[in-house]
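Per the UniProt record's numbering, the sequence shown starts with residue 1, numbered consecutively. Even glycine gets a Cβ: it sits at the ideal position worked out from N, Cα and C. Notes follow once the structure below has been shown.
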Amino acid sequence: MLNLVELPDPEPGDGQVLVEIDRVGVNYADTHQAENSYLSPSSLPLVPGGEVVGRTPDGRRVVALLNGGGGYAERAVADLPVAVDVPDGVDDTTALSFIVQGSTAWLLLRRSTHLEAGESVVVHAAAGGVGSIAVQLAKAWGAGRVIATASSAEKRALALELGADVAIDSRAEDMKGALIEANGGKRVDIVLDMTGGTVTDQSVASLAPFGRLGFYGMASRELPQAIGPGSLLAHSTTVAGMWLPHVFSLPGNVFSQAMGELFELAAAGTVRAVDGGVYGLSEARAAHEALRSRGTTGKLTLDPSR
């Protein structure tokens, strides 16, 4: 349960910076962290939140990833390598959309599934934070057909507005058949999935030979059951898991490369963030409930002044 409490101001250590927070990003991972069902275990007391945008003491406007949470607050401490300067003209919601969800979409398409021009791409939860950016990136990078899934007519309309070629109901009983039909009767090349359960199983079954699935979450809280060596061999399938913190173990500064390219695409008007709404810090629980209900679109943020 999330409650608003008073805590002492955090103190930056060596290689860190204090950020006076203007907005806090809300991610689906935060709901896992709050209920201790995330990849890294949680312990109490816990201040959730892994992304903030605000000002440093020397006046820099930065968007930052936080190590271990702490973002649902008025002030937070960030490691300098992951406090990225925000270009003029990029608003808070866009900056927060890019630091986790945009970089996740970038990595899924560039590193996990290696999108090539002309390939078909399925984006599940296409109206969400990662999905809405992934649809736009796939189109910008030459995907032959972008197939979006979403749970309501409004969300499917948004996916089409963002560039998807077709949008289908994410509640389809035969997801494999629905995806193949949406691709003109052909198996698909790439699927980006954070649902889990039967959606993941049927998505893998819909892949063409040498197709790839980028798996980055389990919103359903259900493990896939049908993925195994035999099913992967049947169509030379690749299933690539992706957890954002692992990007920092890669040689070179891949994270900065992703952020730089995303900011350039935003400046060119090629990729935009979808504002999912602003909640007060005292309303963090309501923001989590909205995410779990799958009734949201785009990027949800918290305002520490409320």
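Open item on the list: Going by beta-carbon coordinates alone, are residue 65 and residue 105 separated by less than 9 Å?
Closed with: no
Open item on the list: On a Cα-Cα basis, can you pick out the residue from 236, 180, 232, 101 that is closest to residue 194?
Closed with: Of the candidates 236, 180, 232, 101, the one whose C-alpha sits nearest the C-alpha of residue 194 is 101.
Task: Local Cβ density within 10 Å of residue 183, reported as buried at 16 or more and exposed below that - done: buried
Task: Nearest residue (CA-CA) to residue 19, options 114, 85, 271 - done: 85
Open item on the list: For residue 305, count the other beta carbons within 10 Å of its own beta carbon; 16 or more makes it buried, fewer makes it exposed. Which is it?
Closed with: exposed
Open item on the list: Please give me, in chain order, every unbroken run of the beta strand (DSSP E) with length at least 3 that falls completely inside the stretch 227-296.
Closed with: The qualifying runs are 238-241, 275-280.
Task: Nearest candidate by alpha-carbon position, reference residue 210, set 3, 236, 70, 22 - done: 236
TODO: Enumerate, from N- to C-terminal direction, the unbroken beta strand (DSSP E) stretches of 3 or more residues contained entirely within the stretch 47-129.
DONE: As far as the stretch 47-129 is concerned, its whole beta strand (DSSP E) runs of at least 3 residues are 51-55, 61-65, 75-79, 83-85, 120-123.
- [ ] Using 8 Å as the cut-off, classify the Cβ of residue 66 as near or not near the heavy atoms of the ligand ATP, replying yes or no.
- [x] With respect to small molecules bound, the structure shown includes none, and the ligand ATP cannot be examined in it.
Open item on the list: Does the contact criterion of 3 or more C-beta pairs under 8 Å hold for the stretch 143-154 versus the stretch 162-170?
Closed with: yes
Open item on the list: Between the alpha carbons of residue 291 and residue 28, how many angstroms are there, rounded?
Closed with: 7 Å
TODO: Tell me whether residue 195 sits in a helix, a strand or coil according to DSSP, three-state version.
DONE: coil
Task: DSSP three-state assignment for residue 33, whether helix, strand or coil - done: helix
- [ ] Inspect the beta-carbon positions of residue 1 and residue 285 and report whether they are closer than 9 Å.
- [x] yes
- [ ] Using only alpha-carbon positions, find the residue among 13, 71, 58, 62 that is nearest to residue 4.
- [x] 71
Task: Limits of the unbroken alpha helix (DSSP H) element including residue 23 - done: First-last for residue 23: 16-26, but that is the beta strand (DSSP E), not the alpha helix (DSSP H).
Task: DSSP-derived helix/strand/coil call for residue 186 - done: The DSSP-derived three-state label of residue 186 is coil.
TODO: Take residue 34 as the anchor and find which of 82, 276, 45 has the nearest alpha-carbon.
DONE: Per the Cα distances, 45.
Task: Nonlocal neighbours in the same chain, by C-beta distance under 7 Å from residue 31, ignoring five residues either side - done: 288, 291, 292
Open item on the list: Classify residue 80: buried if its beta carbon has 16 or more other beta carbons within 10 angstroms, exposed otherwise.
Closed with: Exposed, by the Cβ-count rule.
- [ ] Would you mind working out which of 206, 63, 172, 233 sits nearest residue 260, comparing C-alpha positions?
- [x] 63
- [ ] Leaving out five residues on either side along the sequence, give the residues of the same chain with a beta carbon under 7 Å from the beta carbon of residue 207.
- [x] 187, 188, 191, 213, 235, 237
Open item on the list: Classify residue 124: buried if its beta carbon has 16 or more other beta carbons within 10 angstroms, exposed otherwise.
Closed with: buried
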